[in-house]
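One structure is given below, encoded as structure tokens.
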Amino acid sequence: DTAVSQTPKYLVTQMGNDKSIKCEQNLGHDTMYWYKQDSKKFLKIMFSYNNKELIINETVPNRFSPKSPDKAHLNLHINSLELGDSAVYFCASRLSGDRVNEQYFGPGTRLTVT
Amino acid sequence: GDSVTQMEGPVTLSEEAFLTINCTYTATGYPSLFWYVQYPGEGLQLLLKATKADDKGSNKGFEATYRKETTSFHLEKGSVQVSDSAVYFCALSAQGSGYALNFGKGTSLLVTP
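Protein chains in written order, with my numbering: chain A, 1 to 114; chain B, 115 to 227.
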């Protein structure tokens, strides 16, 4: 069984479009994250939700809007896509109260904006 | 704020060579430390972890020790294989940042036969 899944795996779209990426975890975790990996492989936190509440909102353009309908899901909606949004987006989850703070990652969504 | 610095790559080694990838961190409080590995075209896999000073994380022949006095978490392996070719990320998480992972820039390792 897949622990953290993301759809789609690949997304190719044109500038100006609006798109969504979905993430689901079946680990019973209560905290979820979105990370962005740029073309130089640098990974940076974007958002985090705990029990459906936004707890981290890094300096990200407001074209990006996360939504967490329940503890098992965290979606990322992107409006008016730009070339610079091309990246790999990773979802991750953890259980708050876990002493080790280990996060489990999804396979990533490679977004290409043309 | 918290930060992680790891040695720049790419690192090229011959099979069976000794590997060290340096990682140092800056953090307030007591972070947990991690090494993640990303194989070509794949996602992130946790390689090893340590939660407190002097803890040693180990997995698949890799090991790293949490050194609070030098704020370091260097990754080592005694004998690398071609299959170890990947990008390695050092990372920390701490309560002050909602336990989000703060990654180093990654070190690309290429092992040649």
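The beta-carbon is built from N, C-alpha and C at its ideal position, and this holds for glycine as well.
Model, not experiment: these values are computed from the prediction.
Of the residues A:ARG99, A:LEU27, A:ASP85, the one whose Cα lies closest to the Cα of ALA72 of chain A is A:LEU27. A straight line joining the alpha-carbon of MET121 of chain B with that of ILE135 of chain B spans about 6 Å.
DSSP places SER197 of chain B in the helix class (H, G or I) of the three-state scheme. Per DSSP, ARG63 of chain A is not a residue of any beta strand (DSSP E), being assigned neither H nor E. Rounded to whole angstroms, the gap between the alpha carbons of ASP169 of chain B and LEU161 of chain B is 15 Å. At least one beta carbon of chain B lies nearer than 8 Å to the beta carbon of PRO107 of chain A.
Our two residues, VAL225 of chain B and LYS52 of chain A, have alpha carbons roughly 43 Å apart in a direct line.
Rounded to whole angstroms, the separation of the alpha carbons of ALA3 of chain A and SER39 of chain A is 26 Å. The alpha-carbon of LYS19 of chain A is positioned some 14 Å away from that of GLN6 of chain A.
In chain order, TYR150, VAL151 place their CB closer than 7 Å to the CB of GLN159 of chain B, counting only its own chain and leaving out the 5 sequence neighbours on each side. Neighbours of PHE42 of chain A in chain B, taken as residues whose beta carbon is under 8 Å from its own, are PHE217, LYS219, GLY220 in chain order.
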